[in-house]
Amino acid sequence: MLILQLILKKQKNITYMSDRLFIFDTTLRDGEQVPGCQLNTVEKIEVAKALEELGVDVIEAGFPVSSPGDFNSVVEISKAVTWPTICALTRAVENDIRVAADALKYAKHKRIHTGIGTSDYHIKYKFNSSREEILERAIACVKYAKRFVEDVQFYAEDAGRTDNEYLARVVEAVVKAGATVVNIPDTTGYCLPSEFGEKIQYLMEHVDGIHNVTIATHCHNDLGMATANTMSGVMHGARQAEVTINGIGERAGNTSLEEVAMICKSHRELDITTNINTTKIYGISRMVSSLMNMPVQPNKAIVGRNAFAHSSGIHQDGVLKNRESYEIIDPKDVGVDENSIVLTARSGRAALKHRLHVLGIDLSKEALDQAYEGFLRLADKKKEINDDDVLMLAGEHHKASHRLKLDFLQVTAGVGIKSVASVGLDIAGEKFEACASGNGPVDAAISAIKQIIHRKMLVKEFLIQAINKGSNDIGKVHMTVEHDGVSYYGFSANTDIVAASAEAYIDAINKFVH
Ligand code: KIV
Ligand code: ZN
6 MLILQLILKK QKNITYMSDR LFIFDTTLRD GEQVPGCQLN TVEKIEVAKA
56 LEELGVDVIE AGFPVSSPGD FNSVVEISKA VTWPTICALT RAVENDIRVA
106 ADALKYAKHK RIHTGIGTSD YHIKYKFNSS REEILERAIA CVKYAKRFVE
156 DVQFYAEDAG RTDNEYLARV VEAVVKAGAT VVNIPDTTGY CLPSEFGEKI
206 QYLMEHVDGI HNVTIATHCH NDLGMATANT MSGVMHGARQ AEVTINGIGE
256 RAGNTSLEEV AMICKSHREL DITTNINTTK IYGISRMVSS LMNMPVQPNK
306 AIVGRNAFAH SSGIHQDGVL KNRESYEIID PKDVGVDENS IVLTARSGRA
356 ALKHRLHVLG IDLSKEALDQ AYEGFLRLAD KKKEINDDDV LMLAGEHHKA
406 SHRLKLDFLQ VTAGVGIKSV ASVGLDIAGE KFEACASGNG PVDAAISAIK
456 QIIHRKMLVK EFLIQAINKG SNDIGKVHMT VEHDGVSYYG FSANTDIVAA
506 SAEAYIDAIN KFVH
């Protein structure tokens, strides 16, 4: 492969600026756009600091003009983080750019990410415009952003479906206008790896001045090819990969950071290095999953629960004899410590604090006190508390500020009897009670809550998952509740799945009852 790369570089007469791949993390922008994954500013700062420790080069902190919350998060992340460049997204609109520049005022290294759709689909249907007009707008937004910051990244939205010749004209024009990085997104996740690689190669060969800027990939996973497309782009000259933790992102998600980092680390023949401290990967993966209430699929590459689990006898035997027979990654390289300490009811507050720190979470004293109380309650019901349990407990303190809380829940359920639930709610300090029956314990509990709230609410999605194994395990409940035509996401975890369901329902209601 190394030889192939060298031949490729020689044939194309390409001198890469370096074989260092810059990692641009957009978990807090593209990832956070996913319904139900919204974080508050404090949580975003927690993630941004963990990204800094992980070694990412650029953090896309938000889209400041989109909401005061996003604006504020960019401001606070800029203050909290030192080494990575902080990037703010804009449309090709002057006001967006001014607002982004303002939000970035405290960043030690700042970048504005501006751009416009370049495919004929976008030009015709989104902008009702022409290629020439879009070209002018692309130049104008880069020039305008340059008035505020030196580092300006341009994105050609839907570049994956943009005609290469026109794309090359746009890229050349924005490079001339002063762009320092040009992002080539496969916005719809449509491209084949060979096609996407050829697109990057075409730009490398046809755009004047391209070797003075960095070309970035930003691939979506609609057809499951985001990582393959990113790596194909990198092998053809891109030197910035735009990624998210656990591959979260709109629809089927974005390219996942951990996959790109581990591909570069494992395939040395590619001669591509990143600044990622891979041993921090597992901790930040679990932190993002827990804060965003977004489970990691068990068979997810690198960070899934089964990624290093060998269940077949043949594989287990092979691994015991020589790990490399079936494993290409040492779990320790991604921070999975198979001998990790399991906490029990006898573990103290310091042990919990230490475990959280290892997982990338440092709680305030009050939040730790609250997590420890929850820990003791859980340890009473469950003998061993593992990392997933610990992360779930760490997320609980966010519920303290909720207006609606479950005071008590009693259910009668079984075979041959009707399920009945009595529920007590605390609404901003006032106590309410109701009783209802249903076709099962969850239905009865939800009907009782509805009797107190008196609003039209429809459960659209309801998912119960066990964190680990064993009948004493915690059940995680994800629920989507529709109210006034809008969907609200709720989450809870409890060893009692009926209680977890009622709490998830209340969590969703808290998002629209003020
Ligand atoms: O997918 C996309 O095209 C984007 C751009 C805004 C960079 O997220
Ligand atoms: Zn995107």
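Note that this note's numbering has the sequence shown beginning at 6, numbered continuously upward.
Glycine included, each C-beta is placed from N, C-alpha and C at the ideal position.
The ligand ZN heavy atom lying under 7 Å from the CB of residue i
i      : result
Asn251 : no
Thr192 : yes
Asn259 : yes
His225 : yes
Asp75  : no
Distance CB(residue i)-CB(residue j) smaller than 8 Å
i      : j      : result
Ile253 : Cys92  : no
Ile281 : Ile28  : yes
Met397 : Leu44  : no
Ile502 : Ile454 : no
His223 : Asn169 : no
Leu262 : Asp30  : yes
Lys386 : Asp412 : no
Ala173 : Leu140 : no
Asp276 : Ala257 : no
Val363 : Gly288 : yes
Ala184 : Val157 : yes
Val395 : Leu361 : yes
Ser452 : Lys423 : no
Arg244 : Thr219 : yes
Met292 : Ile366 : yes
Lys465 : Glu438 : no
Val70  : Asp101 : yes
Arg142 : Ile117 : no
Arg532 : Phe76  : Nothing in the structure corresponds to residue 532, since the chain is present only between 6 and 519.
Leu56  : Ile50  : no
Thr193 : Gly165 : yes
Spatially closest choice to residue i from the options, by CA coordinates
i      : options                        : result
Arg136 : Thr123, Glu58, Arg460          : Thr123
Glu177 : Tyr160, Ala66, Lys54           : Tyr160
Thr260 : Thr279, Gly229, Asn133         : Gly229
Val482 : Gly490, Ala471, Asp392, Ile117 : Ala471
Ser427 : Asn304, Glu155, Gln38, Leu414  : Leu414
Ile458 : Pro69, Leu364, Leu430          : Leu430
Asn234 : Ser199, His359, Asn515, Asp35  : Ser199
Lys388 : Gly400, Ser476, Asp448         : Ser476
Ala53  : Phe132, Thr249, Ala306, Ala350 : Thr249
Ala145 : Arg96, Arg116, Asp125          : Arg96
Arg152 : Asn391, Asp107, Ile334, Ile121 : Asp107
Asp62  : Arg103, Thr284, Thr193, Lys115 : Lys115
Thr167 : Tyr149, Gly480, Cys196, Glu210 : Cys196
Ala312 : Lys337, Asn327, Asn217         : Lys337
Closer than 7 Å: residue i CB and nearest the ligand KIV heavy atom
i      : result
Pro69  : no
Tyr195 : no
Glu37  : no
Asn234 : no
Asn188 : yes
Glu487 : no
Tyr160 : yes
Extent of the continuous beta strand (DSSP E) run through residue i
i      : result
Met299 : Where Met299 is concerned, there is no enclosing beta strand (DSSP E), given that its DSSP letter is neither H nor E.
Ala441 : 435-443
Ser492 : 491-499
Phe159 : 157-162
Glu466 : 463-471
Arg116 : 115-122
Glu274 : Element bounds for Glu274: n/a, residue is neither H nor E.
Val179 : Element bounds for Val179: not the beta strand (DSSP E) but the alpha helix (DSSP H), 169-182.
Asp30  : 27-30
Leu409 : 409-417
Gly400 : Counting along the chain, Gly400 falls outside any beta strand (DSSP E), though it belongs to the alpha helix (DSSP H) covering 392-400.
Lys49  : Where Lys49 is concerned, there is no enclosing beta strand (DSSP E), although the alpha helix (DSSP H) it sits in stretches over 46-59.
Ile102 : Counting along the chain, Ile102 falls outside any beta strand (DSSP E), though it belongs to the alpha helix (DSSP H) covering 99-108.
Thr90  : 90-94
Asp431 : 424-432
The alpha helix (DSSP H) enclosing residue i, as first and last residue numbers
i      : result
Val70  : Val70 -> no alpha helix (DSSP H), and no H or E assigned at all.
Gln206 : 198-211
Met267 : 262-271
Asp448 : 446-458
His362 : 354-363
Cys146 : 136-151
Asn234 : 231-240
Leu383 : 370-386
Ser506 : 502-514
Any non-hydrogen atom of the ligand SAH closer than 7 Å to residue i Cβ
i     : result
Leu94 : Only the ligand KIV and the ligand ZN can be found as ligands here, which leaves the ligand SAH out of the picture.
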